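Below is one structure, written out as structure tokens; the observations come after it.
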Amino acid sequence: MTDSPLAAAGAPIRSTFADDSGFAELLQLFGETLPEKRDAVRALYREGSFEQLRIWAHQLKGASGGYGFPDLSDATAELELGCQSSDAERINLAVNRVVDVLNRIEV
Numbered sequence: 128m129t130d131s132p133l134a135a136a137g138a139p140i141r142s143t144f145a146d147d148s149g150f151a152e153l154l155q156l157f158g159e160t161l162p163e164k165r166d167a168v169r170a171l172y173r174e175g176s177f178e179q180l181r182i183w184a185h186q187l188k189g190a191s192g193g194y195g196f197p198d199l200s201d202a203t204a205e206l207e208l209g210c211q212s213s214d215a216e217r218i219n220l221a222v223n224r225v226v227d228v229l230n231r232i233e234v
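Those letters in the sequence shown? Residues 128 to 234, per the numbering used here, in order.
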């Protein structure tokens, strides 16, 4: 799974629906949950709750795609796969990538 060129460059990430006025309120609500999402992924990782982390990643993968954030969907898909394989290094890298993408989302 690949990131867009913007995501690869570390630039801010905007929803593919950012210019759709009908999505403005939904995107604002999604944006308000970003700190909670960052805290959740970090806490689950710290606790070693990899099955819960896999479920969390799966849910966010679907939601982020629906909100027009394919980079976040790709990052959470990788995290889900890492948790399924129980590969500690892959999980660590994926958690860092998810947090990075969450930090760069602008709504």
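Quick reminder that beta carbons are idealized off the backbone N, C-alpha and C, glycines included. All values derive from a computational prediction rather than experimental measurement.
Query	Result
Using 10 angstroms around the beta-carbon of residue 170, count the other beta-carbons present and answer buried if the total reaches 16, otherwise exposed.	exposed
Roughly how many angstroms lie between the CA atoms of residue 232 and residue 190, to the nearest whole one?	14 Å
Span of the alpha helix (DSSP H) holding residue 138?	Where residue 138 is concerned, there is no enclosing alpha helix (DSSP H), given that its DSSP letter is neither H nor E.
Give me whichever residues DSSP pairs with residue 182 in a beta bridge.	In DSSP, residue 182 forms no bridge with anything.
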